[in-house]
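Residue numbers (the working numbering): 3 to 338.
I have placed the structure first, in the form of structure tokens, so that the comments after it can refer back to it.
Here you go:
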């Protein structure tokens, strides 16, 4: 492991980013694993730890380069964005790539990630997840009919999730994935985990997906393990967020992650913590509402906080396996 320095904080502390390198004994490509551009997304740090501990360098062709915490300032405060007082503009790390060495703190962090971590990668998996109050389970695919875009779709399917969602146009700009793909680096946007019911099983699912990618890239030997069916959703996603702040009480739990619910199903309610009245009810918005992300615990919410990401099940198409297997025989794996 090495530390890539970013800047000196007012406390005198040097702000640095940890970069891990797992070097195989034989030559091969370089796969990047990146996590926690948003500081409250801690679950996927565990995923990266498991990969670095369990992949044997003697069996690896090439290099795994990993950055488990992309925004240590936000991680310290366990907030989505870089803390107020240290950064008063452009606080979302995943909106400012490739960054600049002379910009706001978040832009300086992005610059070091771009120059010290992304440079030289052949492929990249950018991990995101839920926090202590939320969970998420899908791969986000950006429509991009270029060789890099098509390979990104293939790697995304190989990660082995039941659900993928393709955005018809970029929903955000300045993201790590967009920057990496502009350099010709195929990139997966993996939205996996958080407050999931069985963390151990979920980490194993993520590990199997990463191994699939390594097998496809020729970095390790092995079989590709995919679920019996993978569905690509399209069209508009609905980010269902409370208009009012208060006490959020869920009506559906984390066991409904990835499930399909009918239109009008009550997902959660917001109560005034002071008058104790219901001030908002959040409901399923599609005839086939797919629970891509959900808030599953009683918690305080502010106006606009993440509550649900909902997909339209009517847009779902089963993905053909032939596109990713390249003549290999798949192993069926039921995701738990």
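By construction, the Cβ of each residue, glycine as well, lies at the ideal position given by its N, Cα and C atoms.
Here the structure is a predicted model, which is why all the values come from computation and not from measurement.
Beta-carbon spacing of residue i, residue j below 8 Å
i	j	result
residue 121	residue 195	no
residue 34	residue 119	yes
residue 205	residue 141	no
residue 68	residue 22	yes
residue 246	residue 282	yes
residue 65	residue 32	yes
residue 284	residue 270	yes
residue 112	residue 95	yes
residue 317	residue 236	yes
residue 166	residue 232	yes
residue 300	residue 249	yes
residue 312	residue 234	no
residue 189	residue 179	yes
residue 70	residue 47	yes
residue 242	residue 287	yes
residue 62	residue 24	yes
residue 36	residue 132	no
residue 244	residue 307	yes
residue 84	residue 107	yes
residue 97	residue 174	yes
residue 151	residue 214	no
Residue i, enclosing beta strand (DSSP E) - first and last residue
i	result
residue 25	16-25
residue 303	301-303
residue 285	280-285
residue 248	248-252
residue 169	165-169
residue 273	268-273
residue 34	28-37
residue 234	233-235
residue 242	240-242
Inter-residue spacing [alpha-carbon to alpha-carbon] between residue i and residue j
i	j	result
residue 310	residue 28	44 Å
residue 323	residue 315	20 Å
residue 170	residue 145	6 Å
residue 43	residue 252	21 Å
residue 265	residue 239	15 Å
residue 20	residue 115	10 Å
residue 305	residue 224	47 Å
residue 109	residue 40	14 Å
residue 105	residue 91	10 Å
residue 337	residue 14	Caution is warranted here: a pLDDT of 40 is assigned to residue 337, below 50, making its placement in the model unreliable, and no coordinate value can be reported.
residue 52	residue 227	18 Å
residue 99	residue 89	16 Å
residue 207	residue 12	41 Å
residue 124	residue 153	11 Å
residue 156	residue 277	51 Å
residue 76	residue 257	29 Å
residue 294	residue 139	6 Å
residue 292	residue 261	6 Å
residue 221	residue 26	9 Å
residue 319	residue 164	12 Å
residue 218	residue 327	8 Å
residue 211	residue 202	15 Å
residue 6	residue 60	27 Å
residue 302	residue 198	19 Å
residue 81	residue 38	10 Å
residue 158	residue 128	11 Å
residue 4	residue 49	19 Å
One or two residues paired with residue i in a DSSP bridge
i	result
residue 109	Its beta-bridge partners do not exist; DSSP assigns none.
residue 226	Paired residues: none, contrary to the question.
residue 139	194
residue 218	According to DSSP, residue 218 bridges with nothing at all.
residue 130	193
residue 313	292
residue 144	169
residue 324	Residue 324 pairs with nothing; no bridge assigned.
residue 263	291
residue 206	DSSP, once it has assigned bridges, lists no residue as partnering residue 206.
residue 319	234
residue 125	33
residue 297	136
Bounding residues of the alpha helix (DSSP H) (the contiguous stretch that carries residue i)
i	result
residue 8	Segment 4-10 is the beta strand (DSSP E) holding residue 8; no alpha helix (DSSP H) there.
residue 152	149-160
residue 181	178-184
| query | Could you give the uninterrupted runs of the beta strand (DSSP E) lying entirely in the region 43-83, keeping only those of 3 residues or more? | reply | Segments of the beta strand (DSSP E) lying fully in the region 43-83: 63-69.
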